[in-house]
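*Asks:*
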Amino acid sequence: ASAARFEHAAGKINLSLSQEFTKGTRVVVSIDYHGKPKDGLILMADKDGRPSAVGDNWPNRVHHWIPTLDHPSAKATVSFKVTAPARNVVVANGRLDKVQTVLPGTRTWTYTESAPIPPYCMIIAAGQFAKIEPSKPASTSLSYYVPQSNRKFAMQGFAPASPSLKFFNQTIAPYPYEKLALIVGSTRFGGMENSSAIVFSSTVFDAKSGAQPISNVFNIRRGLVTLVAHEIAHQWFGDSVTESTWADLWLSEGFATYFAGLFVERHEGQKAFRGYMRQAAETYFRYAEKTRSPIFDNETEDLFKLLNANNYQKGAWVLHMLRSSLGDKAFFEGVRTYYSRHKNSTASTEDLRAAFEETSGTDLRAFFQSWIYGKGHPQYELYWQWNKNRRSIRLHLKQLQPEPSFSNSIPIDVITANGKRRVLLKPVGKETIQELRIDTAPVTVQLDPDNTILKEVKLKAVPHKVRKTATAGAPSDA
Numbered sequence: 004a005s006a007a008r009f010e011h012a013a014g015k016i017n018l019s020l021s022q023e024f025t026k027g028t029r030v031v032v033s034i035d036y037h038g039k040p041k042d043g044l045i046l047m048a049d050k051d052g053r054p055s056a057v058g059d060n061w062p063n064r065v066h067h068w069i070p071t072l073d074h075p076s077a078k079a080t081v082s083f084k085v086t087a088p089a090r091n092v093v094v095a096n097g098r099l100d101k102v103q104t105v106l107p108g109t110r111t112w113t114y115t116e117s118a119p120i121p122p123y124c125m126i127i128a129a130g131q132f133a134k135i136e137p138s139k140p141a142s143t144s145l146s147y148y149v150p151q152s153n154r155k156f157a158m159q160g161f162a163p164a165s166p167s168l169k170f171f172n173q174t175i176a177p178y179p180y181e182k183l184a185l186i187v188g189s190t191r192f193g194g195m196e197n198s199s200a201i202v203f204s205s206t207v208f209d210a211k212s213g214a215q216p217i218s219n220v221f222n223i224r225r226g227l228v229t230l231v232a233h234e235i236a237h238q239w240f241g242d243s244v245t246e247s248t249w250a251d252l253w254l255s256e257g258f259a260t261y262f263a264g265l266f267v268e269r270h271e272g273q274k275a276f277r278g279y280m281r282q283a284a285e286t287y288f289r290y291a292e293k294t295r296s297p298i299f300d301n302e303t304e305d306l307f308k309l310l311n312a313n314n315y316q317k318g319a320w321v322l323h324m325l326r327s328s329l330g331d332k333a334f335f336e337g338v339r340t341y342y343s344r345h346k347n348s349t350a351s352t353e354d355l356r357a358a359f360e361e362t363s364g365t366d367l368r369a370f371f372q373s374w375i376y377g378k379g380h381p382q383y384e385l386y387w388q389w390n391k392n393r394r395s396i397r398l399h400l401k402q403l404q405p406e407p408s409f410s411n412s413i414p415i416d417v418i419t420a421n422g423k424r425r426v427l428l429k430p431v432g433k434e435t436i437q438e439l440r441i442d443t444a445p446v447t448v449q450l451d452p453d454n455t456i457l458k459e460v461k462l463k464a465v466p467h468k469v470r471k472t473a474t475a476g477a478p479s480d481a
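Numbering (our numbering), first residue to last: 4 to 481.
(1) Quick one: Cα of T113 to Cα of A129, how far?
(2) Does the distance from the C-beta atom of D73 to that of P40 stay below 7 Å?
(3) Report all residues from its chain with a CB closer than 8 Å to the CB of V92; omit the five preceding and five following residues, and keep chain order.
(4) Just to confirm the assignment, what range does the beta strand (DSSP E) spanning I45 have?
(5) DSSP on P166, reduced to helix/strand/coil?
(6) On the criterion of 16 or more Cβ atoms from any shown chain inside 10 Å, does A464 qualify as buried, or is it exposed?
(7) What are the boundary residues of the beta strand (DSSP E) that F203 is part of?
(8) Taking 7 Å as the threshold (C-beta atoms), are H233 and A184 in contact?
(9) Leaving out the 5 sequence neighbours to the left and right, which residues in its chain are closer than 7 Å to R29 when beta-carbon positions are compared?
(10) Report the partner residues of M195 according to the DSSP bridge assignment.
(11) Mind checking F170: buried by the 16 CB within 10 Å criterion, or exposed?
(12) Report all residues from its chain with a CB closer than 8 Å to the CB of L306; omit the five preceding and five following residues, and keep chain order.
(13) Rounding to the nearest angstrom, what Cα-Cα distance links L99 and Y178 in this structure?
(14) Quick one, which of A89, A118, I69, N197 has its alpha-carbon nearest L106's?
(15) Is I223 helix, strand or coil when you go by DSSP?
(16) Let me know if S55 comes out buried or exposed under the rule of 16 or more other beta-carbons within 10 Å of its beta-carbon.
(17) S408 and K433 look like a contact to me (Cβ under 8 Å); what is the Cβ gap, rounded to whole Å?
(18) Look up V32 in the DSSP assignment and say whether it is helix, strand or coil.
(19) Can you check whether the CB of T447 is closer than 7 Å to the CB of I418?
(20) Measure the beta-carbon distance from H196 to C124 and round it to whole angstroms, keeping in mind my assumption that it falls under 8 Å.
(21) Rounded to whole angstroms, what's the CA-CA distance from A236 to V32? Just pull it up for me.
(22) What number of angstroms, rounded off, separates the C-alpha of Y261 from the C-alpha of L322?
(23) Below 8 Å, how does it come out for the segment 384-400 and the segment 356-368: are there three or more Cβ pairs, yes or no?
(24) Roughly how many angstroms separate the alpha carbons of Y315 and F299, rounded to a whole number?
(25) For W320, which residues of its own chain have a beta-carbon under 6 Å away from its beta-carbon, when the five flanking residues on both sides are left out?
(26) Is it true that the CB of V187 sits closer than 7 Å to the CB of S165?
(27) Let me confirm a value: Q151 is counted as buried when at least 16 other C-beta atoms fall within 10 Å, else exposed. Which label applies?
(28) May I have a chain-ordered list of the beta strand (DSSP E) segments no shorter than 3 residues that lie completely inside the segment 224-251?
(29) Just how far apart, CA to CA, sit W374 and G330?
(30) Less than 7 Å between the beta carbons of G337 and A350, yes or no?
(31) For T362 and A333, which I take to be in contact (beta-carbon distance under 8 Å), what is that distance rounded to the nearest angstrom?
(32) Mapping the DSSP letters down to three states, classify K293 as helix, strand or coil.
(33) Secondary structure at G108, three-state DSSP: helix, strand or coil?
(34) Tell me whether the beta-carbon of G193 lies closer than 7 Å to the beta-carbon of V202.
(35) Please report the Cβ distance between Q449 and I396, rounded to the nearest whole angstrom; I am assuming they are in contact, meaning their Cβ atoms lie under 8 Å.
(36) Pull up the distance between the alpha-carbon of P162 and that of V228, whole angstroms please.
As structure tokens, this is what we get:
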């Protein structure tokens, strides 16, 4: 090994190599550095007033304390050797190889993560943590690391961890890492999905929230059940399969949001799941009132602004609509194909489309163009008119959103005194009229009664003829 000439300026290190290397040659570079990071590694007192150090890197803050290519596509294996006061516990990515006493009053902890992970998921956490093992351990090695004052709340607050691990193992694929540590510490977010070492904010996981019923969802991503499940789902989507560009962020956040909902569906039932998805829709609609932008957003420069309802809630709804239209079998086969094909690597939106097209045999180009690359959502206006003489009902559907029409086939239930008839209305452009023969006068009409489409809608019966009226775009669960 020999010292290399380098230049450190504008947050970058430029090396002058002493020889040329052919493409594909592995070059080992050792960098010695010291100092107090401005960001990325948070050095502060924990909630009990004791010193702690916790990595918090999203989206591109790891370079403040680790020399790296600070982009999600620059995945790498990582090993940490951390020396800390003997009273401290150190947690990091991967397997704990050894703990040694090298200097008096200290211990040196060595961790190795052998799977490539995105830079923003690289972490060390050091502090006077209490280590807790769940009473019903998952098949994966699972531990909680919490400040002393959080001990009595950890078992309740982290209760969803073991069953969500089991559910995702069964639904997606085996857990991709050697252990899972859940840490209560310092982060800008409610939770941060560091690979195999998730950090939950002490401001969320405090005595007040820990004492509440775990089904109390005070925000779509902040209730303890959905927050824990969301961050654990990231171990598959975001950590193991990582978005290849920031514009593909929904492949991480949309998946984690939807799979947290699927966990709710499995353990609390359809009613709770519908409530979860309805709340997600309402969150997105409030966002869309002010901002009309595509999910695939390659124009926003402030990466923190990508943490929005497009990538989270609308992304989750895109997956829900795919599941509803393709069916559970093709949908979950598509998810597993996508995951197995891109595990420990990166993926794009087009990679996901290819997987779903392969398992369903369906051309999804128009769907992805509308919902991922296009803006907004359908705003339906549906009028229906019963013609007693013709024994028929006339359905008049209009799409009033400023964006182009959405081609989703729309289930419509016509309710009569004798029962229910379901029809599938296929929109053609912004305005579609369809007449159906029906022997009995309708009592009412329901558009998308199972709530399988992200939409705003107004329904109205017209006594004599179809006439134009203004839109009132209220969210509907009809």
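Glycine included, every Cβ here is placed at the ideal spot set by N, Cα and C.
What you are looking at is a predicted structure, and each value in this text was computed from that prediction instead of being measured.
*Replies:* According to the structure shown:
(1) 13 Å
(2) no
(3) A129, G130, Q131, F132, K134, Y148
(4) 44-48
(5) helix
(6) exposed
(7) 200-204
(8) Cβ distance not < 7 Å, so A184 and H233 don't count as in contact.
(9) none
(10) Looking at the DSSP assignment, M195 forms a beta bridge with V202.
(11) buried
(12) Excluding sequence neighbours, L306 sits near P62, N63, W249.
(13) 17 Å
(14) A89
(15) Note that I223 scores a pLDDT of 36, beneath 50, so its modelled location is shaky; the value from the coordinates is reported in the next line. It is coil, neither helix nor strand.
(16) buried
(17) 5 Å
(18) coil
(19) yes
(20) As written in the sequence, residue 196 is Glu, which differs from the His given in the question. Yes, E196 and C124 are in contact; Cβ-Cβ is about 7 Å, under 8 Å.
(21) 34 Å
(22) 7 Å
(23) Contact between the segment 384-400 and the segment 356-368 is absent, with fewer than three C-beta pairs closer than 8 Å.
(24) 12 Å
(25) L457
(26) no
(27) exposed
(28) Along the length of the segment 224-251, whole beta strand (DSSP E) runs at least 3 residues long occupy 244-246, reported in chain order.
(29) C-alpha separation (whole angstroms): 18 Å.
(30) no
(31) 5 Å
(32) helix
(33) coil
(34) no
(35) So it is not a contact: roughly 13 Å between Cβ atoms.
(36) A quick correction: the sequence has Ala, not Pro, at residue 162. The straight-line gap from Cα to Cα measures roughly 8 Å.
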